[in-house]
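First up is the structure itself, then whatever we jot down about it.
There are 2 protein chains.
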Amino acid sequence: MKILHHPHREDIQLSSVLHALSDPVRLQIISDIAAGGEQPCNNFDVPIAKSTLTHHIRTLREAGVIQVRVQGTQHIIALRSEDLNTCFPGLLSAILNVGKNTNK
Amino acid sequence: MKILHHPHREDIQLSSVLHALSDPVRLQIISDIAAGGEQPCNNFDVPIAKSTLTHHIRTLREAGVIQVRVQGTQHIIALRSEDLNTCFPGLLSAILNVGKNTNK
DNA sequence: ATTGTTGTACTAATATCATAGAACATTAGA
DNA sequence: TCTAATGTTCTATGATATTAGTACAACAAT
Numbered sequence: 001m002k003i004l005h006h007p008h009r010e011d012i013q014l015s016s017v018l019h020a021l022s023d024p025v026r027l028q029i030i031s032d033i034a035a036g037g038e039q040p041c042n043n044f045d046v047p048i049a050k051s052t053l054t055h056h057i058r059t060l061r062e063a064g065v066i067q068v069r070v071q072g073t074q075h076i077i078a079l080r081s082e083d084l085n086t087c088f089p090g091l092l093s094a095i096l097n098v099g100k101n102t103n104k
Numbered sequence: 105m106k107i108l109h110h111p112h113r114e115d116i117q118l119s120s121v122l123h124a125l126s127d128p129v130r131l132q133i134i135s136d137i138a139a140g141g142e143q144p145c146n147n148f149d150v151p152i153a154k155s156t157l158t159h160h161i162r163t164l165r166e167a168g169v170i171q172v173r174v175q176g177t178q179h180i181i182a183l184r185s186e187d188l189n190t191c192f193p194g195l196l197s198a199i200l201n202v203g204k205n206t207n208k
């Protein structure tokens, strides 16, 4: 089985996190996770190809924004809220609160 | 004289702002402005060519992060704190606070 | 076993970005 | 007017990012 690399908390970079979140599709994804808790990839209602979704998921994972856990055929995605709040207090909630009004 | 376009407050996009701030050089720039108030471009202590700095300043300006004002031969750069705090409450301070510890 | 689901890997096309050298424009000041 | 200071524009280049098509592997359900 393939090993999915996740950065350690202390290796999470602000610029990488901001870049990972600077895409509307990825903002949508983390917004969905934040609202509905951890969930498999196929739950996300984004108008893109599967391979493209994989790319975005990987981008978020490698930046340290999400945690990916394998469960059968599914990959369960969870937000690394605790790590993010420790590294960048207030950042995640500030971004997620924006989505509640007019996202994009 | 050249007209410098700035987006209106209501046209500022979260993804664009996050992208503008996802570069170490640009994080440095806004960190400097936040700490020392508005200042001309040549004040920034970044190891890049003038043309590159112009590119970064434009990226920040077009995303709605900074306000550029011409004063003689100088371009004075200011943070659009009020607009950003209105559009994305808490975002700017969360990002700037990170820089106070370990930036990059 | 067969079939369908789920997601990755590989590959490729296209687009965007960061960087900087050179030339140019504008302004201030001597 | 001449010169220095300040930035922009033009252009080019190498690096990444985005997107998707195809194939493949792991698993579930029948």
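From first to last, the protein sequence lines are chains A and B. Counted the way our numbering counts, the first sequence spans residues 1 to 104. Counted the way our numbering counts, the second sequence spans residues 105 to 208. Beta carbons are placed, not taken as given, at the ideal position from N, Cα and C, and that holds for glycine. A quick note: this is a predicted structure, and the numbers were derived from the prediction, not measured.
Listed along chain A, no residue sits closer than 8 Å to Ile161(B) by beta-carbon distance, the nearest being about 17 Å off. In the structure shown, the three-state DSSP call for Pro128(B) is helix.
Within the region 184-202 of chain B, Cys191, Phe192, Pro193, Gly194, Leu195, Ser197, Ala198, Ile199, Asn201 and Val202 place their CB atoms closer than 8 Å to a CB of chain A, listed in sequence order. Within the region 119-149 of chain B, the residues whose Cβ lies closer than 7 Å to any Cβ of chain A are, in chain order, Ser119, Leu122, His123, Leu125, Ser126, Asp127, Pro128 and Leu131.
Pairing Asp149(B) with His179(B), the inter-Cα distance amounts to about 16 Å. Short of 8 Å from the beta carbon of His5(A), and not among the five residues preceding or following it, lie these beta carbons of its own chain, in chain order: Arg61 and Glu62. In the displayed model, Leu79(A) falls within a strand according to three-state DSSP. Spatial neighbours of Leu200(B) in its own chain (CB-CB distance under 6 Å, excluding positions within 5 residues in sequence) are listed in chain order as Ala138. Comparing alpha carbon positions, the residue from Ala94(A), Asn85(A), Ala49(A) and His19(A) closest to Arg9(A) is Asn85(A). Val202(B) sits in a helix when the DSSP states are folded into three classes.
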